[in-house]
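Student:
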Amino acid sequence: MSFAVPASLEAEIDELITHYPQKRSASLMLLHAVQEHFGHISRDAVEWIAKKLELQPINIHELVTFYPMFRQEPAGRHQIKVCRTLSCALGGSHKLHEHFCTKLGLDAHKHGLQTTPDGKFSIEFVECLASCGTAPVMMCNEDFHEDVTPQKADEILGGCK
62 MSFAVPASLE AEIDELITHY PQKRSASLML LHAVQEHFGH ISRDAVEWIA KKLELQPINI
122 HELVTFYPMF RQEPAGRHQI KVCRTLSCAL GGSHKLHEHF CTKLGLDAHK HGLQTTPDGK
182 FSIEFVECLA SCGTAPVMMC NEDFHEDVTP QKADEILGGC K
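Taking the working numbering, the leading residue of the sequence shown gets 62, the next gets one more, and so forth.
Pasting the structure below:
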């Protein structure tokens, strides 16, 4: 296995594990820590986490594939997340997603994570971002945006350097 975890991250992970009565209970926290550091959860990362928690790789893989917040592929430097739940869908989130995809040269009909060839942008639909009254809503990296119009979407893209 060619996967290497920096000593500082491994120390953080070892500390996280101590907060749980059973190692397995730390699975989600370790996945978050690894994804935060590497940007996604690779197959080697799944195997490393499983070994760390004394589990089988399938026990970790099933979490990665079940929870939509975990990515198995690297995302772009600027991650655009468009809410697709009911209020946002009624408020125009599908048109917003289509607008971003058109601007970025991506497939507007694909709903999974897509990344531009230069690795600058990724876009994906996500579940509720908890602002139904200000639909459509989205995030660009950690920045939350409400009532996003096509004009505001263009401003958000323009602000990504």
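The beta-carbon is built from N, C-alpha and C at its ideal position, and this holds for glycine as well. The model shown is predicted, which means the values in this text are computed figures rather than measured ones.
Since Ser88 and Leu124 are thought to touch, with beta carbons under 8 Å apart, how far apart are those beta carbons, to the nearest angstrom?
Tutor: 6 Å
Student: Helix, strand or coil for Ser192 per DSSP?
Tutor: Note: Ser192 maps to coil in three-state DSSP.
Student: From the DSSP output, which residues share a beta bridge with His93?
Tutor: Answer is none; His93 lacks a bridge partner.
Student: Could you pull the start and end residues of the alpha helix (DSSP H) that Ile102 belongs to?
Tutor: Neither: Ile102 is in no alpha helix (DSSP H) and is coded neither H nor E.
Student: Does the distance from the C-beta atom of Val198 to that of Cys162 stay below 7 Å?
Tutor: no
Student: Could you name each continuous beta strand (DSSP E) segment of 3 residues or more that falls completely within the segment 134-215, going from the start of the chain to the end?
Tutor: 139-144, 182-187, 199-201 and 204-206
Student: What do you get for Cys144, buried or exposed, if any count of 16 or more other CB atoms within 10 angstroms of its CB means buried?
Tutor: Counting Cβ neighbours within 10 Å, Cys144 comes out buried, since at least 16 surround it.
Student: Give me the Cα-Cα distance between Leu114 and Ala94, rounded to the nearest whole angstrom.
Tutor: 14 Å
Student: Report yes if the CB atom of His160 is closer than 7 Å to the CB atom of Pro211, and no otherwise.
Tutor: yes
Student: So, is Glu188 buried or exposed, given that buried needs 16 or more other C-beta atoms within 10 angstroms?
Tutor: exposed
Student: Note the first and the last residue of the continuous alpha helix (DSSP H) segment covering Thr126.
Tutor: Pro118 to Phe127
Student: Going by CA-CA distance only, name the one from Lys181, Lys142, Leu218 and Phe186 that's closest to Lys171.
Tutor: The closest CA to that of Lys171, considering only Lys181, Lys142, Leu218 and Phe186, is found on Phe186.
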